[in-house]
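So in my numbering the end of the first sequence lands on 458, straight run, no missing numbers. Glycine included, each C-beta is placed from N, C-alpha and C at the ideal position. Computed from a predicted structure; not experimentally measured. Have a look at the structure below before the remarks.
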Amino acid sequence: MRDTPSILHVDLDAMFASVEQRDKPSLRGRPVVVGGMGGRGVVATASYEARVFGARSAMPVAEARRRCPSGTAFLAPRFAAYRRTSQVVMELLAGLSPLVEAVSIDEAYVDLAATSTGGLDIRAVTELALDLKARIRAATGGVTGSVGAGTSKLIAKIGSDLHKPDGLTVVAPGQERAFLGPLPVTALSGVGPATAERLRRAGVHTIGDLAGLAPAELIERLGQAHGVALYRLARADDGRPVVGEREAKSVSAEETFAADVADPARLGAELDVLAAQVGARLRAAGLSGRTVTLKARHFDFTTITRSTTRAQATDDPRVITQAARRLLGDVDVSGGLRLIGVGVSGLTEFAQDDLLSLLDPAARRETAADQAPDEAAEPEPEPARAGWRTGEDVRHAVHGAGWVWGSGRGRVTVRFEGPRTPPGPVRTFAADDPALHPADPPDWHGAEG
DNA sequence: TCTGGGGTCCTAGGACCC
DNA sequence: TCTGGGGTCCTAGGACCC
């Protein structure tokens, strides 16, 4: 166990919504919900203004619409913009330490002990964290981050969560148990609804309660691995290291249909599309895998998986889709599927035909390094001209840059404003107006020294 | 208008081998 | 012929995270 609070956890506050408010000044101070805008979409992020009305992550967007007042903005996600903002923050973190673990697009651990820059007592870490928060806000154009610091990942993570948004929690060495004790067990990463319910039935509500349980009882209730893990975490016994890079274990793609699909031909065609996405991402990452998994969600939300393992690893979309189609053949589809998915696991770094390319360099195909990784990995969908997505960035030949305020019935309404231009006029066009084009996200980084 | 999409880890049973 | 223990691989499902 460390004797300095040298692990930081940085968590950007309501990141997707915050980026939207940064890029669209008219949304600042207003409730914003970012998520799937199809009939079956769920909330990815609700701004704090929207949380007041009960909008939450993972909630159906339809439910969020019911709860939030008119004037709430409901936007489709713009991942390219979020990725750029994430990169800006990750670069700041990399300046603090060579050891940074990016957990997700909006979350990372930093191991300050990996550098030898001076003291890491409470005061020094607090100052460093306050400075970091200010620099994140400045570098991102107003997106805030909450930071936790402590002697372990556990403490840092819970600390960053405690005073969101724009919070800072530094837990002094030796104070870990006192810090955790009164918190609900659900504050622990790894305690979801099912585990929380089992613990509740055992009379366990707080982490302090949990720490009072005998390990044998926890193992009996939660299984060996989970029981042991929680027993240790409740005692602040956490030696998990900050790890820089992690190898991917699987690559998958799935789609939920707007309406359930029972037509095998249509499902097969969907598998072709998904297999092509998975194959392209495998290839871009220089990976291939032996196991192909089909995922199917029935009309009643029951979900099954069927997998098959081949002798040779592949990244070939034709091979992937062939395996997936065969697996689908054994699934009863007559009631209709709401979701279908394809995954590849058992990954290795070398594709089968890499062996061939050694013999025949001319047959060597493009490698990941030859491609722009992001574009290759996640092609941003180009919306059909008539199907504008709310929140999408657009450019009008006459009126300039703006974003889609709303659309429907053959029309699209655009608000003309940018990150640094004040809210402009709202104008409505025909959805197929040739003067209107999808545009890149406003790139305000660098435009303002 | 009930419930996305991309992942990780664990469990448990059966096959198979030594 | 019967019994059995341990290890590994594969498959299916479930909990959980962001």
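Sequence-distant residues of its chain with Cβ nearer than 6 Å to residue i (five each side left out)
i: Val19; result: Ala117, Gly154 and Val156
i: Asp32; result: Pro428 and Pro451
i: Ala285; result: Pro326
i: Asp324; result: Gly288, Leu291, Arg292, Ser297 and Ala360
i: Ala122; result: Ser15
i: Ile167; result: Ala196
Backbone secondary structure at residue i - three-state DSSP
i: Glu468; result: One cannot answer for residue 468 here, as it falls past the ends of the chain, which runs 10 to 458.
i: Asp218; result: helix
i: Arg319; result: strand
i: His307; result: strand
i: Val4; result: For the chain, the structure presents residues 10 to 458; residue 4 sits outside this window and is missing.
i: Pro447; result: strand
i: Val340; result: coil
i: Ala245; result: coil
i: Leu105; result: coil
i: Asp32; result: helix
i: Pro224; result: helix
i: Thr153; result: coil
i: Val51; result: strand
i: Thr204; result: helix
i: Ala158; result: strand
i: Gly295; result: coil
i: Glu116; result: strand
i: Leu348; result: strand
i: Arg65; result: coil
i: Ala262; result: strand
i: Asp442; result: coil
i: Thr135; result: helix
i: Pro40; result: coil
i: Phe425; result: coil
i: Thr330; result: helix
i: Pro174; result: coil
i: Phe83; result: strand
i: Ala26; result: helix
i: Ala143; result: helix
Close Cβ partners of residue i (< 7 Å) along its chain, the five nearest in sequence each way excluded
i: Val213; result: Val194, Leu219 and Leu222
i: Leu163; result: Leu242, Ala245 and Asp247
i: Arg398; result: Met46, Ala85, Pro392 and Val413
i: His408; result: Phe425 and Arg436
i: Val342; result: Ala271, Pro273 and Leu276
i: Val52; result: Val42, Gly44, Ala64, Arg65, Ser66, Ala67, Met68, Val70 and Ala73
Inter-residue spacing [alpha-carbon to alpha-carbon] between residue i and residue j
i: Trp412; j: Asp402; result: 4 Å
i: Gln30; j: Ser416; result: 20 Å
i: Ala158; j: Val134; result: 8 Å
i: Asp175; j: Lys142; result: 8 Å
i: Leu239; j: Gly199; result: 8 Å
i: Arg74; j: Glu229; result: 43 Å
i: Tyr57; j: Leu197; result: 22 Å
i: Ala274; j: Leu296; result: 29 Å
i: Glu391; j: Gly190; result: Note that Glu391 scores 43 on pLDDT, short of 50, meaning its location in the model is unreliable; the coordinates nonetheless yield the value given after this. Whole-angstrom Cα-Cα distance: 50 Å.
i: Gly150; j: Pro428; result: 9 Å
i: Val28; j: Ala211; result: 42 Å
i: Val70; j: Val61; result: 15 Å
i: Thr204; j: Ala67; result: 19 Å
i: Asp272; j: Gly63; result: 38 Å
i: Glu185; j: Ser161; result: 9 Å
i: Thr314; j: Gln233; result: 25 Å
i: Ile216; j: Gly400; result: 41 Å
i: Gly344; j: Ala257; result: 34 Å
i: Val464; j: Val340; result: Because residue 464 is not part of the residues shown, which for the chain are 10 to 458, the question remains open.
i: Val423; j: Gly201; result: 41 Å
i: Arg418; j: Gly44; result: 22 Å
C-beta atoms of residue i and residue j nearer than 8 Å
i: Ala406; j: Ala440; result: no
i: Val480; j: Leu84; result: The chain is shown only over 10 to 458; residue 480 falls outside these bounds and no answer can be derived.
i: Ser316; j: Thr302; result: yes
i: Gly80; j: Arg146; result: no
i: Ser106; j: Asp115; result: no
i: Asp269; j: Phe308; result: yes
i: Glu78; j: Pro432; result: In the sequence as presented, Glu is not what sits at residue 78; that position holds Pro. No, they are not a contact pair.
CB-CB length for residue i against residue j, believed under 8 Å
i: Glu426; j: Val251; result: Actually they are not in contact, since the Cβ atoms of Glu426 and Val251 sit about 40 Å apart, beyond 8 Å.
i: Thr312; j: Val353; result: With a Cβ gap of about 18 Å, Thr312 and Val353 do not count as contacting.
i: Leu280; j: Arg306; result: That pair is no contact at about 14 Å.
i: Glu264; j: Leu276; result: Not really, about 10 Å apart at Cβ, beyond 8 Å.
i: Ala23; j: Ala55; result: 7 Å
i: Thr357; j: Ala332; result: Their Cβ separation, rounded to whole angstroms, is 17 Å, which puts Thr357 and Ala332 out of contact at 8 Å.
i: Leu21; j: Val98; result: 7 Å
i: Leu101; j: Arg132; result: So it is not a contact: roughly 21 Å between Cβ atoms.
8 Å Cβ shell around residue i - same chain, five flanking residues per side excluded
i: Ala448; result: Asp402, Val403, Arg404 and Ala410
i: Ala267; result: Gly47, Gly48 and Arg49
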